[in-house]
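So the structure is just underneath, and the comments pick up after that.
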């Protein structure tokens, strides 16, 4: 069943540890840019993630969270898009290059193991 | 914007450690809009100084450039000093302002700084060759050697224009993003198809311009300086 994403929902974005996408604790916008052929930016709806510890390996990825309100306020649709093996998958639909830097600046790193 | 006047004045400048002034360059101490003056400095790495005046409508601007023409690596410092004249034909006489600004720049130091900056970013870009496809997720492409070399060339051009490229990040389409710490509002993307995107942001991180071009365009920016 499809979930309706609310502005208050947190969206999770995996960020590879290598290469380094952080400078002084800040994430580069490169992590939030879609490219030709992509329907949107892949994220997970935090509320729907059953076991965040299984989902993310801190050895290979960091985890950032964005409030859905940001892309929605910019006119982007945030759509639940469950895929095989990942029922919490969602898309920030469309070309996110225009808001990539905003997403990067607002993204907060979280530690799933805490 | 009107093109430069074809009229130009050229002269040699005895500039060993002295503050650079148009008078020292043996040229007129004033520059009228549309007139280009060029001086050459006798450093071991030959440098030349160019000051251009241009006119647009009822305002005039002067731009000063520093160019290393000894090695072929050209450095341009854009808009060292810009000021306006009330009328197009009014001579620009505020050369002291230009001189004061140029005084703050060490030619030799600038060159060394640029070489170091270029070496650092080249190393970072070379490290991206270790990436394999699917490095971020399925369907993410690793940058090819061609794209990496392309990015190095762009970084070199930008650094030589005193735009210090500090950081590089892979893009999932196999491209590379270059960032400039001193200019947080600009990003450059080098794409596998050879396109270069220059992205300009406002203070609130809104994308306000996306200029698409190729490497020849960036190279020509230097060529067109003088």
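Chains as they are written, first to last, in the numbering used here: chain A, -17 to 96; chain B, 198 to 423.
Think of the CB as a built atom: it goes at the ideal place given N, C-alpha and C, for glycine as much as any other residue.
Span of the alpha helix (DSSP H), counted from its first residue to its last, around residue i
i: residue 11 of chain A; result: Counting along the chain, residue 11 of chain A falls outside any alpha helix (DSSP H), and DSSP gives it neither H nor E.
i: residue 53 of chain A; result: 51 to 55
i: residue 35 of chain A; result: 34 to 37
i: residue 346 of chain B; result: 342 to 357
Bridge-paired residues (DSSP) for residue i
i: residue -2 of chain A; result: A/43
i: residue 22 of chain A; result: A/75
i: residue 81 of chain A; result: BP columns for residue 81 of chain A are empty, so no partner.
i: residue 91 of chain A; result: A/46
i: residue 68 of chain A; result: A/65
i: residue -8 of chain A; result: A/49
i: residue 370 of chain B; result: B/338
i: residue 27 of chain A; result: A/-7
i: residue 4 of chain A; result: A/9
Residue i versus the options, residue with shortest Cα-Cα distance
i: residue 16 of chain A; options: A/75, A/-15 and A/88; result: A/75
i: residue 384 of chain B; options: A/40, A/91, A/82 and A/89; result: A/82
i: residue 357 of chain B; options: B/404, B/370 and B/313; result: B/313
i: residue 21 of chain A; options: A/91, A/62, A/89 and A/55; result: A/62
i: residue 45 of chain A; options: A/4, A/-16 and A/-17; result: A/4
i: residue 365 of chain B; options: B/390, B/399, B/411 and B/326; result: B/326
i: residue 71 of chain A; options: A/-2, A/31, A/18 and A/12; result: A/31
Element boundaries [beta strand (DSSP E), containing residue i]
i: residue 384 of chain B; result: 383 to 387
i: residue 407 of chain B; result: 404 to 410
i: residue 397 of chain B; result: 393 to 398
i: residue 373 of chain B; result: 373 to 376
i: residue 366 of chain B; result: 364 to 367
Inter-residue CB distance, residue i and residue j (contact presumed, cutoff 8 Å)
i: residue 373 of chain B; j: residue 340 of chain B; result: 5 Å
i: residue 387 of chain B; j: residue 375 of chain B; result: 7 Å
i: residue 349 of chain B; j: residue 319 of chain B; result: 5 Å
Own chain, CB closer than 7 Å to residue i, minus 5 neighbours either side, in chain order
i: residue 23 of chain A; result: 14, 16, 73, 74 and 78
Contacting residues, own chain, Cβ-Cβ under 8 Å from residue i (five flanking each side not counted)
i: residue 35 of chain A; result: 94 and 95
i: residue 50 of chain A; result: -13, -12, -11, -10, -9, -8, -7 and 60
Own chain, CB closer than 6 Å to residue i, minus 5 neighbours either side, in chain order
i: residue 28 of chain A; result: -8 and -6
i: residue 353 of chain B; result: 315
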